[in-house]
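Contents: one structure, followed by commentary.
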Amino acid sequence: MDAGSTPVTIFGRTYHLRGHGDPEYLSLLATRVDEKMREVARTTGTADTLKVAILAALNLADDGIQGREVKVGRISAEELARIGEMTAQLDEILATDATG
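According to this note's numbering, the sequence shown holds residues 3 to 102 in order.
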């Protein structure tokens, strides 16, 4: 392990992250990603790590965009609705893939 790295575990796998920020903050970010991946895996029933990671990333991006919209007001209600629809469609497709 590199002396300047922070070990984190995401979805059962350990990574050694290097960053300019506080190691506690990196751990917090990793915990958030891990929680979201576990939530996605549980709700979709898929064990495919790549699919879980992509859906988790989309969900986290959606959370971030919605949060910015509240603060900045740049994203229209129509755009947010479209993002929600696309996320739901991806969830449905991946849930169908998981069941065969």
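All C-beta atoms, glycine included, are put in the ideal place defined by N, C-alpha and C.
Within the DSSP secondary-structure output, residue 9 pairs in a beta bridge with 18. The C-beta distance from residue 16 to residue 36 rounds to 11 Å, too long to meet the 8 Å contact threshold. Scanning 60, 7 and 49 for the CA closest to the CA of residue 97 turns up 49. C-alpha of residue 55 to C-alpha of residue 68: approximately 20 Å in a straight line. Proximity to residue 33 across 23, 95 and 14 peaks at 14, based on C-alpha coordinates. One Cα belongs to residue 86, the other to residue 58, and the distance between them is close to 14 Å.
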